[in-house]
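Asker:
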Amino acid sequence: MADSPIVVDRRNPALQHHFTDMEQQREASSLGMWLFLATEIMFFGGMFCTYLIYRLWYFPDFAAASNSLDITLGTVNTAVLICSSLTVVMAVRSAQLGKRQQQVIYLALTLVLGLAFLGVKAIEWTSKFEEHHVPGPTFNFEGSIPGHPGQPIDQQHAQIFFSLYFAMTGMHALHMIIGVGLFTYLLYHAWKGAYTPEYHTPLENSGLYWHFVDIVWIYLFPLLYLIDRKK
Amino acid sequence: MSQHVVSLKTNIAVWLILLVLTGVTAGVAFIDLGPFNTVVALVIATIKALLVVLIFMHVKYASDRLTKVVLISALFWLFLLLGLSLADYTTRALR
């Protein structure tokens, strides 16, 4: 009894009583996180599906509306998110290697990059409000179909594009805000040395979440900003 | 096996590839490829997503197969959603 492996492994204070060992506990929580991400894929999937159908129906209006988005800010924001994914990976790696100080630095960098993304998003949204491109009674989208100067844009169809734009980037931004909250929590606990090479599940699973949100943006960027940029 | 620690070199390489692909997708959008603009944009996005999933999210190194099963099932459901919906909307004009 005394030398059974279960008793030996119980020494880690992070091990919950209903798991056999740390490895099993880690794999179980990772599986739970992946199941949650599967539901998230379906959640965003509904919006992507709606987008796809309307884009097929109203392609010229979607192309014109898409061209009014700021491609420079969109590209910069994509790069910012990719950099934040790297800092998350490096934070998890530092935890795996037991480097507390590096962990704290990378988590802080992730927060800075996440907030930078949200800041750029706020600038983009502000200009959309100023241009009356927000769906509603004051919506007004001037312009013509790309490649057909004489053909005006259907206001209704342009509104559908911007409804989807705000719904999708809004939901994405909400996920980013939740992510910033999660990483503030992680930063505090990493500072206190809570994450060791044996136990850093919160960091690992929040990292999975952050990468998922990054992937959503990887698809949102070409679908919203790059529909028909060719002149 | 305990968790796999991805090397610094791999992480930096993936990061650089992701940044380059972001530039490429933004640049290619201005070149007229006809209907292939959309195809190229989606292929690049999928390559980027795969890199993030396999390397950054450690799926390539996952020791338990359940993670992969969950991921593939999720994608299968997503394609059911997109595929069956489009099968309706894209064939309505064919009546």
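Going down the list, the sequences are from chains A and B.
Residues in the first sequence are numbered from 8 upward in steps of one, following the working numbering.
Residues in the second sequence are numbered from 73 upward in steps of one, following the working numbering.
Glycine is no exception: its CB is placed at the ideal position from the N, C-alpha and C atoms.
Since the structure is predicted, the reported quantities are computational estimates derived from the model, not experimental observations.
Can you give the Cα-Cα distance for A:S36 and A:F43, rounded to whole angstroms?
Answerer: The residue you call residue 36 of chain A lines up with position 29 of the first sequence. The residue you call residue 43 of chain A lines up with position 36 of the first sequence. For A:S36 and A:F43, the distance between alpha carbons rounds to 11 Å.
Asker: Name the chain A residues that come within less than 7 Å of B:L138, Cβ to Cβ?
Answerer: Position 66 of the second sequence holds residue 138 of chain B. L38, listed in chain order.
Asker: Mark B:T162 as exposed unless 16 or more other C-beta atoms lie within 10 angstroms of its C-beta, in which case mark it buried.
Answerer: Translated into positions along the second sequence, residue 162 of chain B becomes position 90. B:T162 should be labelled exposed.
Asker: Residues in the region 84–106 of chain B with C-beta within 7 Å of chain A's C-beta atoms, listed in sequence order?
Answerer: Per Cβ criterion, the list reads W87, L90, L91, T94, T97, A98, A101, F102, I103, D104.
Asker: Taking 9 Å as the CB-CB cut-off, is B:A134 touching chain A?
Answerer: Taking the first residue of the second sequence as 1, we reach residue 134 of chain B at position 62. Chain A contact via Cβ: present.
Asker: Can you give me the Cβ contacts of A:Q226 inside the same chain, cut-off strictly under 8 Å, excluding the 5 residues immediately before and after it?
Answerer: For the purposes of this step, residue 226 of chain A is taken as residue 219 along the first sequence, with counting starting at 1. Correcting the residue type first, residue 226 of chain A is Tyr in the shown sequence and not Gln. Excluding residues within five positions, the ones whose Cβ falls inside 8 Å are F55.
Asker: Starting from A:H182, trace the alpha helix (DSSP H) both ways and give me its first and last residue.
Answerer: For the purposes of this step, residue 182 of chain A is taken as the residue at position 175 of the first sequence. Looking at the DSSP string, the run of the alpha helix (DSSP H) that includes A:H182 is 162–198.
Asker: Under 7 Å Cβ-Cβ, which residues of chain B neighbour A:E34?
Answerer: For the purposes of this step, residue 34 of chain A is taken as the residue at position 27 of the first sequence. In chain order: D136.
Asker: List the residues that DSSP assigns as beta-bridge partners of A:S151.
Answerer: The residue you call residue 151 of chain A lines up with position 144 of the first sequence. Its beta-bridge partners are A:P159.
Asker: State the DSSP-derived secondary structure class of B:K140, mapped to helix, strand or coil.
Answerer: Along the second sequence, read from residue 1 onward, the residue named residue 140 of chain B stands at position 68. It is helical.
Asker: Taking 9 Å as the CB-CB limit, is A:F55 close to chain B?
Answerer: Here residue 55 of chain A refers to the residue found at position 48 when the first sequence is read from its first residue. At least one chain B Cβ lies under 9 Å of A:F55.
Asker: Just reading off the alpha helix (DSSP H) that A:Q110 is part of, what are its end residues?
Answerer: As a position in the first sequence, residue 110 of chain A is number 103, starting the count at 1. Note, A:Q110: alpha helix (DSSP H), 107–137.
Asker: Which value, in whole angstroms, describes the spacing of the CA atoms of A:E30 and A:A197?
Answerer: Counting from one through the first sequence, the residue named residue 30 of chain A turns up at place 23. Counting from one through the first sequence, the residue named residue 197 of chain A turns up at place 190. Looking at the two C-alpha atoms, the distance is approximately 21 Å.
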